[in-house]
Structure formats: C-alpha cells, structure tokens
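Enquirer: I have a structure I would like to understand better, so I am pasting it below and will then ask my questions one at a time.
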Amino acid sequence: MRGDGDGWVFDADGSRYWGRHGAAGLLLFTSSETSAALILLQHRAVWSHQGGTWALPGGARDSHESAVDTATREADEEAGIADAELTVHAELVTHRAPSGWTYTTVIAEVAAPLATTANMESVELRWVTTDEVDGLALHPAFAASWPELRTQLLALAGA
1 MRGDGDGWVF DADGSRYWGR HGAAGLLLFT SSETSAALIL LQHRAVWSHQ GGTWALPGGA
61 RDSHESAVDT ATREADEEAG IADAELTVHA ELVTHRAPSG WTYTTVIAEV AAPLATTANM
121 ESVELRWVTT DEVDGLALHP AFAASWPELR TQLLALAGA
C-alpha cells in the first residue's frame, strides 16, 4: 500500500530512522568530459531530518517495494528523474541499525546529466563531480557511506 512505510523506527538507544520498512536512495551518475563521474546530490530542506545537508534523493520504503522501486520512486518525486531514463548497476546496504532497519543505496547511470525539478524536500539539486562531494556539508549517514560508494562508483564509471 502506497505510503505504509512512512513513519519512524526507534532503536533502544533512542536513534530514529525514517521508514517503517527501511529506506533507499538513488546514487545517480553520468560520465563527464572533465572527471570520471558526475553525481546528482540533493540539498535537503531545513525542516527535514538532518536538514540543510547534502545527500541522495531517497526516502521511506513501502511494504510492497524493493529497494530499487523505492529509490527510483523517490528520485522521481524529489528530483523529477523518470526511472525509464536510468540503468541500475548495483544496490548496497549502506546502513544497518540494531533494530534491523536498513538504508539501501541504489547506484544507477544515465547517459548525460538530466534536468531536475526539485520538490519541497529540496533546497537545491546539483550535479557535482566526485571530487566535490567531500567539500559539501553531507548528511552524516551519507558521509559515512561515501568512501565505499565512491569506490563502487569509480569502478562502475571505469575510472
């Protein structure tokens, strides 16, 4: 049922995670003439959890969805990226909480940087080089997973 994943999961230590069935996000990349890859990042609205930080378009997983379904739906909702335009290469669980909650990052490719349309959850959407990512104020969970994701991304992009 659409939306049945909306809600918080709490760990015994008080940590909270959005998505009753976990969550997923889309690491969308394309090749660039000047760098190995460009990726799409979302500057999260201040009112959102960990607002004001940069991360991937993503969100709560509904009970009937795969991680890929969630990541592509959220990218469409938050950035106007249609799933027909991308090729999925990998999915990695990039965070696992003691409660069993997981965040899965789906890595997908497009032929060229796509135009984006931000919804109310985004201050800005921006295509950045992999070298620019570390210079941004990253969402803490994305920052923790970025080294592994970057390695996977560069291998896929052929760098």
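Each residue of the sequence shown is one higher than the last, beginning at 1 in full-length UniProt numbering.
C-beta: ideal position from N, C-alpha, C; glycine also.
Which of the three DSSP states is assigned to TRP18 in this structure?
Expert: strand
Enquirer: Whole angstroms is fine: what's the gap from ASP4's alpha carbon to THR53's?
Expert: Take the alpha-carbon of ASP4 and the one of THR53: they are about 26 angstroms apart.
Enquirer: Determine which residues share a DSSP beta bridge with TRP8 and list them.
Expert: TRP18
Enquirer: In the DSSP assignment, what are the bridge partners of SER122?
Expert: ARG44
Enquirer: If you compare alpha carbons, which of ILE107, VAL46, GLU132 and PRO98 is closest to MET120?
Expert: VAL46
Enquirer: Counting only runs that start and end within the UniProt domain "Nudix hydrolase" (19-156), where is the alpha helix (DSSP H) found for 4 or more residues in a row?
Expert: 67-79
Enquirer: Going by C-alpha to C-alpha distance, which of ARG20, MET1 and ARG2 sits closest to residue 179?
Expert: The structure shown does not extend to residue 179, since the chain is modelled only from 1 through 159, so no value can be given for it.
Enquirer: When you compare the stretch 79-92 with the stretch 12-19, are there three or more beta-carbon pairs, one atom per stretch, that lie closer than 8 angstroms?
Expert: no
Enquirer: Could you check the C-alpha separation between residue 232 and PRO98 for me, to the nearest Å?
Expert: Since the first residue shown for the chain is 1 and the last is 159, residue 232 is missing from the structure and cannot be characterised.
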